[in-house]
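Numbering (this note's numbering), first residue to last: 45 to 341.
Everything on this sheet refers to the single structure shown next.
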């Protein structure tokens, strides 16, 4: 989108666009970082119905926004709207989650930082990680980004496991991945010798059925990563921890995927201490929310 320009002066205003958007924790993350770095700015939520998305994107500069995050269900529509001003990750995934102003041309560009957030969190959580084979459970939007980054950045062989094989095969074709597709009944075979297991399904999320699988085929050095972060300790992670495997929860992916956008909008590269500060606030909020829910039951 090049017909309008995002303001480059005054307080820096950014938002997250979604429908619904009340659940988003992005404002907590970015406003924490703004405060830590003494930047005059604001990050807010903008609830936008699907039929209003295109008009909203065009009008954002008039509202004073210099950029935005895009969350469900708008990522694919934002990708289409920002053609041809999208980068390689967004092009491969056909989805945009971050919009920003190109400082050289003034164009509004789109990128997708989901995969980068996952990969950065993995590398921070397991320094020196150099796995060769990964198993990814599920074939939704998060799986697309994770399979993509595991192959492009990690140079890993990916085994994609899903209950509906046709859907998984379609996803692999869409993003032009090299992943091998397995049915759920083939999970044990897929886990054999894997260095990394990633759950991208909603199983294990609060209010959902637990993810019940046998981790015995995994080698002792394997890492188990669950992108679910409510609760932080999912049944899968508890099972893996009990077996002595390294575990990673999903909150770090949420935090690290926010970092590239913050750098583009506010000119500051956040570090591990910034991420830890935002994480502490979200963890406290998750704990308080859990206590309130128990009191209301």
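All C-beta atoms in this analysis are idealised placements derived from N, C-alpha and C, irrespective of residue type, glycine included.
Source: prediction; values computed, not measured.
How many Å lie between residue 217 and residue 55 at the Cα?
Locating residue 217 in the chain shown gives position 173, counting from the first residue. Locating residue 55 in the chain shown gives position 11, counting from the first residue. Their Cα atoms are separated by approximately 43 angstroms.
Can you tell me where the alpha helix (DSSP H) holding residue 284 begins and where it ends?
Mapped onto the chain shown, residue 284 falls at position 240. Segment 279-286, the alpha helix (DSSP H) holding residue 284.
Check this for me: beta carbons of residue 203 and residue 183, under 8 angstroms apart or not?
Position 159 of the chain shown, counted from the first residue, corresponds to residue 203. Position 139 of the chain shown, counted from the first residue, corresponds to residue 183. No, these two residues do not count as a Cβ contact at 8 angstroms.
DSSP on residue 273, reduced to helix/strand/coil?
Within the chain shown, numbered from 1, the residue matching residue 273 stands at position 229. Three-state result, residue 273: coil.
Is the segment 86-93 in contact with the segment 311-325, if contact means three or more CB pairs nearer than 8 angstroms?
Judged by Cβ distances under 8 angstroms, the segment 86-93 makes no contact with the segment 311-325, as fewer than three pairs qualify.
Note down, one range per segment and in chain order, each alpha helix (DSSP H) of at least 4 residues found wholly within the segment 114-198.
Here the runs fully enclosed are 119-125, 132-137, 158-169 and 185-196.
Measure the C-alpha to C-alpha separation of residue 295 and residue 151 and round it to an integer number of angstroms.
For the purposes of this step, residue 295 is identified with residue 251 of the chain shown, where counting begins at 1. For the purposes of this step, residue 151 is identified with residue 107 of the chain shown, where counting begins at 1. Straight-line Cα distance between these residues: approximately 32 angstroms.
How far does the beta strand (DSSP E) with residue 206 in it extend, from its first residue to its last?
Locating residue 206 in the chain shown gives position 162, counting from the first residue. Residues 201-206.
State the Cα-Cα distance for the pair residue 268 and residue 284, rounded to the nearest angstrom.
Here residue 268 refers to the residue found at position 224 when the chain shown is read from its first residue. Here residue 284 refers to the residue found at position 240 when the chain shown is read from its first residue. Cα-Cα distance, rounded: 7 angstroms.
Ordered along the chain, which non-local residues of its own chain (more than five positions away) have a Cβ less than 6 angstroms from that of residue 241?
Start at 1 with the first residue of the chain shown, and residue 241 comes out as number 197. The residues are 179 and 268.
CB-CB under 7 angstroms to residue 73, same chain, minus the five flanking residues each way: which ones, in chain order?
Counting from 1 along the chain shown, the entry for residue 73 is found at position 29. Excluding residues within five positions, the ones whose Cβ falls inside 7 angstroms are 299, 302 and 322.
With distances taken Cα to Cα, identify the nearest neighbour of residue 326 among 261, 181 and 70.
Reading the chain shown from its first residue, position 282 is the one you call residue 326. Of the listed residues, the one whose Cα sits closest to residue 326 is 70.
Inspect the CB distances between the segment 113-121 and the segment 137-156 and report whether three or more fall short of 8 angstroms.
Counting Cβ pairs under 8 angstroms, three or more are found: they touch.
Taking the beta strand (DSSP E) that residue 290 belongs to, which residues open and close that run?
The count along the chain shown starts at 1 and reaches residue 290 at position 246. 290-292 is the extent of the beta strand (DSSP E) around residue 290.
Under three-state DSSP, which class holds residue 73?
Indexing the chain shown from 1 puts residue 73 at position 29. Correct three-state label for residue 73: helix.
Classify residue 68 as buried or exposed, calling it buried when 16 or more other Cβ atoms lie within 10 Å of its own Cβ.
Walking along the chain shown from the start, residue 68 turns up at place 24. Label assigned to residue 68: buried.
What's the C-alpha gap between residue 221 and residue 214?
Counting from one through the chain shown, the residue named residue 221 turns up at place 177. Counting from one through the chain shown, the residue named residue 214 turns up at place 170. Going from the Cα of residue 221 to the Cα of residue 214 covers about 10 angstroms.
For residue 5, which of 324, 288, 177 and 156 has the nearest alpha-carbon?
The question about residue 5 has no answer, for the chain in this structure spans 45 to 341.
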